[in-house]
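Below is one structure; the comments refer to it alone.
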Ligand code: SF4
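Numbering (our numbering), first residue to last: 3 to 580.
Listed below in structure tokens is the structure:
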């Protein structure tokens with residue numbers, strides 16, 4: 003069937019503030035892919051635009067819109083990118099006043115009235131899950147005379163100067179009825195569930211998704227993974243609020259990944275009270291390399307105030323089990339909470355010492371629309387959502403609590419970060435992995451990758467962490483006690499080169515090459531070590547195998563020049579230039 007006439011763009015816009023965590027937020031939410039695939043399934047011409055960085059080249063916005071001439075633009079709006087959406091919507095209306103602007107996502111679901119009251123460029127807001135509602139709206143806009151706009155459930159809009167909200171849309175109970183977005187798109191953020199069993203007071207998820215967690219079937223989820231894997235994706239983010247709510251379902255997924263031979267790695271998010279040895283066993287075997295847990299605070303009192311509903315024992319248990327299986331346990335902590343003091347910060351530090359997370363993200367507690375904390379604040383202060391007319395991403399909790407000062411909260415953050423960085427070497431030293439033979443290759447991989455983090459990854463440029471090369475070396479050596487691993491050999495080879503210990507470097511790299519003779523990096527590195535002790539002929543034997551590589555050709559030329567063989571050097575120079 004030919005595509006229908008309407009041209010639809012779905013845009014993920016840029017944020018208000020410049021981000022340091024750009025990798026974490028640069029990916030459009032999975033929801034935009036579901037909406038787009040429902041439209042595709044109904045033969046609409048739809049395009050997803052990740053415009054999270056287009057503000058770096060704003061002239062492209064107008065040019066693109068003039069060129070594409072969309073009839074409808076849907077925006078995927080989170081709190082931090084709402085101004086980006088408003089700005090792009092304004093440009094779109096200037097380019098073509100007839101274009102219909104639709105806002106959807108978590109923030110518009112809670113601020114629909116605010117958006118329609120203050121921003122004339124927005125024509126419609128989708129409230130709640132958008133897949134069916136957006137499709138119904140598009141059908142209406144295509145043939146407005148055929149039905150009444152009021153009949154479309156789950157939207158808000160302006161009519162005769164008044165804001166109208168229609169009846170709520172039905173919850174999508176049968177998630178598998180949605181088309182698998184991987185049929186049409188390539189992405190690597192997936193979700194198995196909608197909703198969360200938690201009811202944390204700082205989180206908008208419970209109000210957005212409703213009281214029950216809904217699931218895709220094992221078959222749907224594995225089919226999605228397999229389709230993406232066949233399109234070349236082998237690293238995934240499972241971005242569910244709590245991936246492991248249904249233990250048996252997750253174990254089945256893991257068994258399916260293994261049975262189908264999908265060579266993938268993935269990271270997930272969960273709650274500490276939904277973890278157990280058997281689920282971790284299968285998750286690790288099926289490629290899980292990291293689980294993030296919201297711990298929030300070491301103070302029980304604060305966790306209760308935030309309605310976190312997790313015990314210290316559950317936290318300790320989840321972290322030690324996760325690490326034991328060679329999965330990197332990552333913690334989220336929040337500071338600047340109700341009743342926060344230097345003592346509660348010390349409680350958090352004490353908990354960090356016990357649970358030893360290998361990565362922590364510390365956040366200042368902030369209020370967002372749709373959260374219980376925000377609603378309470380509005381009510382207490384007699385405020386309205388107009389507060390979001392300020393160009394801010396969030397409201398810091400300390401701004402609403404006279405018992406907390408900004409300076410104190412900033413000091414809390416600095417203390418937590420610096421204490422954690424001091425603790426990292428002992429946290430790494432204390433790593434103990436489960437002694438199961440079948441896990442040895444996975445343990446080698448875990449230790450090697452962690453070593454790389456200190457050597458040239460995330461932690462490498464962090465001056466607050468001391469002895470990074472020593473930590474990396476220890477991890478590489480630990481990896482090799484489990485199983486040969488190319489990254490461990492390479493890491494040790496490079497570390498020895500840095501210390502000018504070329505003979506040691508040659509020894510360890512030669513050992514590695516016995517296991518991985520075709521590994522290009524090991525060969526390059528070994529050749530370089532030989533060059534450093536004047537062994538140019540020997541070095542050539544490692545480089546000549548990789549003449550497709552620019553680096554190898556350059557090294558070959560250097561070797562022949564060092565051997566005074568100008569003729570051969572010029573042959574390879576010509577190859578390099580061709
Ligand atoms: S913070 Fe996490 S656990 Fe708590 S309600 Fe939100 S998604 Fe669930």
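Think of the CB as a built atom: it goes at the ideal place given N, C-alpha and C, for glycine as much as any other residue.
query	result
Limits of the alpha helix (DSSP H) - the one that residue 238 falls within	Note, residue 238: premise wrong, no alpha helix (DSSP H); beta strand (DSSP E) at 237-240.
Minimum length 3: unbroken beta strand (DSSP E) runs contained in the segment 142-194	157-161, 164-167
Residue 246: CB within 7 Å of a non-hydrogen atom of ligand 2	No copy of ligand 2 occurs in the structure displayed; its ligands are ligand 1 alone.
Check: residue 243 C-beta below 7 Å from any heavy atom of ligand 1	yes
Same chain, Cβ closer than 7 Å to residue 564, five either side skipped, listed in chain order	538
Sub-8 Å separation of residue 33 and residue 206 beta-carbons	no
Whole runs of the alpha helix (DSSP H) within the segment 524-552, excluding any shorter than 4 residues	538-545
Residue 200 CB to nearest heavy atom of ligand 1 below 7 Å	yes
Close beta carbons around residue 118, own chain, < 8 Å, minus the five adjacent residues each side	124, 127, 158, 159, 160, 165
Three-state secondary structure assigned by DSSP to residue 427	helix
Status (buried if at least 16 other CB within 10 Å, exposed otherwise) for residue 457	buried
Close-in-space but distant-in-sequence residues of the same chain around residue 216 (CB under 7 Å, 5 per side omitted)	175, 177, 195, 196, 197
Residue 205 CB to nearest heavy atom of ligand 1 below 7 Å	yes
Extent of the continuous beta strand (DSSP E) to which residue 269 belongs	267-272
Residue from 223, 151, 148 with nearest C-alpha to residue 184	223
Proximity to residue 170 [Cα-Cα], best of 246, 141, 553, 212	212
Bounding residues of the beta strand (DSSP E) (the contiguous stretch that carries residue 9)	9-14
Near ligand 1: residue 208 beta-carbon under 7 Å from a heavy atom	yes
Burial state of residue 86, where buried means 16 or more other Cβ atoms lie within 10 Å	buried
Spatial neighbours of residue 323 in its chain, beta-carbon cut-off 7 Å, leaving aside the 5 residues before and after	277, 279, 282
Validate contact between the segment 303-311 and the segment 384-392 using beta carbons, cut 8 Å, 3 pairs	no
Inter-residue spacing [alpha-carbon to alpha-carbon] between residue 540 and residue 471	28 Å
Of the listed residues 556, 492, 502, nearest to residue 528 (C-alpha basis)	492
Contact between the segment 414-434 and the segment 388-403 (3+ Cβ pairs under 8 Å)	no
Residue 504 to residue 547 span [Cα, whole Å]	22 Å
Contacting residues, own chain, Cβ-Cβ under 7 Å from residue 44 (five flanking each side not counted)	137
Cβ-based burial, residue 507 [other Cβ within 10 Å; buried from 16]	buried
Counterpart residues of residue 216 in DSSP-defined beta bridges	196
Nearest-angstrom beta carbon gap, residue 369 and residue 337 [assumed within contact, 8 Å]	Actually they do not touch by this definition, with Cβ atoms about 15 Å apart.
Beta bridge counterpart(s) of residue 602 as assigned by DSSP	As shown, the chain starts at 3 and ends at 580. That puts residue 602 outside it, with no answer to give.
Sequence ranges, beta strand (DSSP E) only - wholly within the segment 299-338, length at least 3	330-337
Any non-hydrogen atom of ligand 1 closer than 7 Å to residue 33 Cβ	no
Residue 131 burial status per 10 Å Cβ neighbour count (16 or more: buried)	buried
Uninterrupted beta strand (DSSP E) stretches inside the segment 359-409 (no shorter than 3 residues)	361-366
Counted within 10 angstroms of its Cβ, other Cβ atoms place residue 466 as buried (16 or more) or exposed	exposed
Residue 517 versus residue 479 - alpha carbon distance	16 Å
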